[in-house]
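The structure appears below as structure tokens.
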Amino acid sequence: MRAYLPDYSFHRAKTLTEAFSQLEAGAKPFAGGTDIMVLLDAGALPPDNYFDILAIKELQGIRSTKKALSLGALTTYSEIRNHKLIQSNFPILCASAREVGAIAIQNRGTIGGNIANSSPAADLPPGLLVYEAQINLISKRGLRTLDYTKFHLGYKKNELQKDELIHSITLKPEFQKHHHFWRKVGSRRSQAISKTMIAALAKVNRKRIEDIRIALGSVAPTAVRCLEVETFLKGKILSPSTILEAKKILSRDLHPIDDIRSTGKYRLIVSQNMLEEFLCGIG
Ligand SMILES: Cc1cc2nc3c(=O)[nH]c(=O)nc-3n(C[C@H](O)[C@H](O)[C@H](O)COP(=O)(O)OP(=O)(O)OC[C@H]3O[C@@H](n4cnc5c(N)ncnc54)[C@H](O)[C@@H]3O)c2cc1C
Numbered sequence: 278m279r280a281y282l283p284d285y286s287f288h289r290a291k292t293l294t295e296a297f298s299q300l301e302a303g304a305k306p307f308a309g310g311t312d313i314m315v316l317l318d319a320g321a322l323p324p325d326n327y328f329d330i331l332a333i334k335e336l337q338g339i340r341s342t343k344k345a346l347s348l349g350a351l352t353t354y355s356e357i358r359n360h361k362l363i364q365s366n367f368p369i370l371c372a373s374a375r376e377v378g379a380i381a382i383q384n385r386g387t388i389g390g391n392i393a394n395s396s397p398a399a400d401l402p403p404g405l406l407v408y409e410a411q412i413n414l415i416s417k418r419g420l421r422t423l424d425y426t427k428f429h430l431g432y433k434k435n436e437l438q439k440d441e442l443i444h445s446i447t448l449k450p451e452f453q454k455h456h457h458f459w460r461k462v463g464s465r466r467s468q469a470i471s472k473t474m475i476a477a478l479a480k481v482n483r484k485r486i487e488d489i490r491i492a493l494g495s496v497a498p499t500a501v502r503c504l505e506v507e508t509f510l511k512g513k514i515l516s517p518s519t520i521l522e523a524k525k526i527l528s529r530d531l532h533p534i535d536d537i538r539s540t541g542k543y544r545l546i547v548s549q550n551m552l553e554e555f556l557c558g559i560g
């Protein structure tokens, strides 16, 4: 059943102060609306008060300094894919943004909405995990910064408090010498929610792995770093037996579920294959 529109109210907050008042009154932020409108259309959005945050300057834009890059919560996928510094320093984010929905969604959907929605199948979190991003949350009480690894607490659960907005994401450009790898497996190349996906980074010196970070999405209640596999691979010279062992460790680490998009068995096998594809490419 479709939603009955008079059950909802909608305001525009032009400043952070107006947004904080809206939050205090119990209203919910509305950015690109690409997640919220799907629920509305399906009659699954509880009647509530919403406020548009798109005009709030502090949440907009990509800013760079020598030490870091800051992506405002309202940064769209199209802005991410077209940004030269993100292309050169954080190519996994460009590659994942390029595979979100299709162009219309990429022009409208925001990084803040993707993170706040906290779906395990969201495309940006695995990349943010391997780049060890920080997330900045803002409220009347001020700005607080968390390691992104600490933000997602479970399926659709996160650290965001009722009076907070996602302000921005901070990334440090420390990965110029790394291999960057991204792979999303869904039913189609576009307009597909993933069955599994991998974001991975590695720095290799004379065939020895000096640094490695691997994250998967759609295989657990949140995107996950594969720390046991990383620990096993660090310092190793890659060989067919090392890759085989890494795949075995991954299968001990992961317990993906069956759902409407795929089976746990398929997700596990394909995740192992993606890990192998990545490792074969860096050796
Ligand atoms: C056809 C279609 C295809 C899609 N394909 C993909 C896909 O392939 N991969 C993928 O990952 N996603 C996909 N999505 C989901 C969606 O586009 C993304 O999750 C998007 O990034 C959400 O951002 P938004 O600005 O539209 O969020 P909104 O819908 O405005 O908000 C989503 C949630 O985040 C909250 N929120 C938004 N901004 C903030 C903020 N700054 N602070 C606090 N809370 C906030 C809202 O209150 C709401 O709960 C698809 C959606 C559609 C409709």
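Here the working numbering is used: the first residue of the sequence shown is 278, the next is one more, and so on.
Cβ atoms here follow ideal geometry from the backbone N, Cα and C, with glycine treated the same way.
Any non-hydrogen atom of ligand 1 within 7 Å of residue i CB
i	result
Phe-287	no
Asn-366	no
Thr-387	yes
Asp-312	yes
Val-462	no
Ala-476	no
Gly-309	yes
Lys-305	yes
Glu-301	no
Val-377	yes
Gly-564	Past the edges of the chain, shown from 278 to 560, lies residue 564, and the structure says nothing about it.
Asn-482	no
Ala-393	yes
Gln-337	no
Gln-549	no
Leu-437	yes
Leu-322	no
Contact set for residue i: own chain, Cβ-Cβ below 6 Å, skip 5 residues either direction
i	result
Gly-404	Ile-369, Leu-370, Ser-373 and Ala-476
Lys-513	Ile-486 and Thr-519
Asn-366	Pro-450
Cβ neighbours of residue i in the same chain (closer than 7 Å, five flanking residues each side left out)
i	result
Lys-480	Lys-454, His-455, Glu-487 and Asp-488
Ile-534	Gly-541
Asp-325	Tyr-285 and Lys-305
Ala-280	Leu-317, Gly-320 and Leu-322
Lys-417	Phe-297 and Asp-440
Leu-556	Leu-515, Ile-520 and Ala-523
In DSSP terms, what residue i is bridged to
i	result
Arg-490	Leu-478
Phe-287	Tyr-327
Val-462	Thr-473
His-455	For His-455, which the question treats as bridged, DSSP gives no partner whatsoever.
Leu-336	Answer is none; Leu-336 lacks a bridge partner.
Asn-413	Thr-422 and Ser-445
Leu-527	For Leu-527, which the question treats as bridged, DSSP gives no partner whatsoever.
Thr-353	Thr-387
Same chain only: Cβ atoms within 8 Å of residue i, ignoring 5 sequence neighbours per side
i	result
Phe-307	Phe-287, Ile-313, Tyr-327, Phe-328, Asp-329 and Ile-330
Lys-472	Val-462, Gly-463, Ser-464, Ser-495, Arg-538, Ser-539, Tyr-543, Arg-544 and Val-547
Tyr-432	Ser-395, Pro-397, Pro-498 and Thr-499
Leu-420	Asn-413, Leu-414 and His-444
Exposure of residue i, with buried meaning 16 or more beta-carbon neighbours within 10 Å
i	result
Pro-402	buried
Tyr-354	buried
Gly-386	buried
Asp-400	buried
Arg-351	Position check: residue 351 holds Leu in this sequence, whereas Arg was assumed. Buried, since its Cβ has 16 or more Cβ neighbours within 10 Å.
His-532	exposed
Pro-323	exposed
Thr-499	buried
Arg-490	buried
Cys-503	buried
Arg-389	The sequence given here places Gly at residue 389; Arg does not occur at that position. That one is buried.
Any non-hydrogen atom of ligand 2 within 7 Å of residue i CB
i	result
Val-506	No copy of ligand 2 appears in this structure; the ligands present are ligand 1.
### Message
Count Cβ pairs between the stretch 404 to 413 and the stretch 422 to 440 that sit closer than 8 Å; are there 3 or more?
### Response
The answer is yes - the stretch 422 to 440 touches the stretch 404 to 413, with three or more Cβ pairs under 8 Å.
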